[in-house]
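K.L.:
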Amino acid sequence: MGEEDDHGWKTVRGRNRQGKGNHQFRFDIATTRNFNKDDNKSLTTYFFTDFPDNFGAKSLFNAFHNLGDIMEVVIPAKRDKRGRRFGFARFDRVSEPRKFELELDN
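The sequence shown begins at -4 in this note's numbering and counts up by one.
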């Protein structure tokens, strides 16, 4: 496997893992400047999917900004089982979550 030196140790090369690069775990994140992840008691998180490939977290953040007090948009690099992109939007001070969910759907 490798060269053996005089102390009994061998030099070993790591495996070449094709297709397992760091790009697989990157997120596209857009947040407000005053967003504090530790203070998330008043945040409501919504799951969204089926949006165009050319939309990033920043553009969706701007779209959601018109609907409420958006704090963060996160889009994972992975896709769902059907190959669609998905993400999460965190809103602050949502008084009626079900009603706001219906507003987001329309």
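A virtual CB, placed ideally from N, CA and C, is assigned to each residue, including glycine.
None of the values given here were measured: they were computed from a predicted structure.
(1) Could you check where the beta strand (DSSP E) with R88 kicks off and where it finishes?
(2) State yes or no: is the C-beta of V68 within less than 7 Å of the C-beta of F56?
(3) Spatial neighbours of F46 within its chain, please: C-beta separation below 8 Å, excluding the five flanking residues on both sides.
(4) Distance, Cα to Cα, T27 vs L62?
(5) So is K94 buried or exposed if we call it buried at 16+ other beta carbons inside 10 Å?
P.N.:
With the structure as the only source:
(1) Element bounds for R88: n/a, residue is neither H nor E.
(2) Yes, these two residues count as a Cβ contact at 7 Å.
(3) Here the set comprises L55, R80 and G82.
(4) Roughly 15 Å between the two C-alpha positions.
(5) Counting Cβ neighbours within 10 Å, K94 comes out exposed, since fewer than 16 surround it.
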